[in-house]
């Protein structure tokens, strides 16, 4: 199993006369199987909300989605199921998938909706179960909830009782450090979109939106197909730049595909940078965009930096492997003419759509409906530029409602967030 690593600047030509030139560097990463590749087992934990609000059709359709997911697992895969309400319990301890009927019977028996929503306790138990089956496997969790975590009582500056959301984020970062990926599924319209997005983003997972119960099966299947294509894990992008070339200071690196995620950058001891990507898939490229500035460099074709990927290969039980180093080139020219790369421009607009929508949400939270509507209109136009008609429709609809003095519903807000990050799945 190898890593495919490709890079391109939005404009390869750089004006030699300019003291500073800004460029977008697109980096695409995927796993490439060798001829001897075999099935890589999954180590999967389902962390499911069974609070009272999930009663009836909601819990029934979740069980149906779980059953169909179980039917698609392969020999050697491992499964665990944790359910949470006011407290959490392990319904199916981490085990190799063998007796499916017994597993399904236990889920039917124990997944009954009642009680509160202690997400953090469920997440903690799920992480514990996943840790039992990590060797030689792709370890991921599906965290599904229809509500908000318990925030306790805050008096002045004192926190009385547990803050469930804060614990969730701490656990998500802990999972990242031990090479676990958490995907989140928001069910209905009352879940905390900021929390679930941050949990998924922390380790390179994905955020899914189940607007109605009927979509549960499709969303589970979509996530399963994605993790079944994982071939390498715990991947880091390693970036080094030559003198007079630097990263932007604010939000320098983001992923733009398959989901848009702002990526934290770690500075390494030798002066280079490391960015955690998480799992690498065979059929789905991770595309990362870096915002860099070039100072004055000598004329001609110049190496302005180098890229590598550090990763683990679960199939071979190998850690900290490193891909061959890839140079980044720029043409420093006296008579400057743009040499634009349309694919990189597309990625730049994809990131712009996300950030414009984020700014609109901030303005809306501040009570600036006019400003929010303007930014959503801008994001809709950006979506049209990249051919994302579904996103353009959702963003334009939200902008029009705000312009008409209407309030956006919870469903409107969640759809707006989802189309800013990725392409909505057909239900």
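Numbering (our numbering), first residue to last: 194 to 620. Just so you know, even glycine gets a beta-carbon here, dropped at the ideal spot from N, CA and C.
query                                                                                                    : result
DSSP three-state assignment for residue 316, whether helix, strand or coil                               : helix
Under 8 Å between C-beta atoms of residue 511 and residue 224                                            : no
Option nearest residue 599 by Cα separation, candidates 583, 566, 576 and 570                            : 566
Assumed close pair residue 487, residue 207 - CB separation to whole angstroms, cut-off 8 Å              : 6 Å
Buried or exposed (CB count within 10 angstroms, at least 16 for buried), residue 603                    : exposed
Of the residues 222, 218 and 576, the one placed nearest residue 197, counting alpha carbons only        : 222
Meets three-Cβ-pair contact criterion under 8 Å: the segment 432-441 and the segment 390-397             : no
Sub-8 Å separation of residue 395 and residue 428 beta-carbons                                           : no
Close Cβ partners of residue 605 (< 6 Å) along its chain, the five nearest in sequence each way excluded : 591
Same chain only: Cβ atoms within 6 Å of residue 238, ignoring 5 sequence neighbours per side             : 273, 319, 322, 323 and 334
Rounded C-alpha distance that separates residue 265 from residue 497                                     : 46 Å
Same chain, Cβ closer than 7 Å to residue 529, neighbours up to 5 away in sequence not counted           : 206 and 208
Counterpart residues of residue 633 in DSSP-defined beta bridges                                         : Since the first residue of the chain shown is 194 and the last is 620, residue 633 is not available in this structure.
Pick from 257, 544, 295 and 327 that is closest to residue 455, judged by C-alpha positions              : 544
Segment limits, alpha helix (DSSP H) that includes residue 474                                           : Residue 474 -> not in any alpha helix (DSSP H); beta strand (DSSP E) instead, spanning 466-474.
Contact under 8 Å by Cβ, residue 293 with residue 262                                                    : no
Euclidean distance between Cα positions of residue 577 and residue 534                                   : 19 Å
Three CB pairs or more closer than 8 Å across the segment 372-389 and the segment 515-523                : no
Proximity of residue 306 and residue 247 at Cβ, strictly below 8 Å                                       : yes
Nearest to residue 549 (by Cα), restricted to the options 525, 240, 217 and 589                          : 589
Selection from 458, 478 and 554 that minimises the alpha carbon distance to residue 452                  : 478
C-alpha gap between residue 317 and residue 289, whole angstroms                                         : 21 Å
CA-to-CA distance, residue 399 to residue 308, given in whole angstroms                                  : 27 Å
Residues that DSSP places opposite residue 238 in a beta bridge                                          : 273 and 334
Residue 280 vs residue 244 beta-carbon contact at 8 Å                                                    : no
Minimum C-alpha distance to residue 257 - residue among 379, 526 and 411                                 : 411
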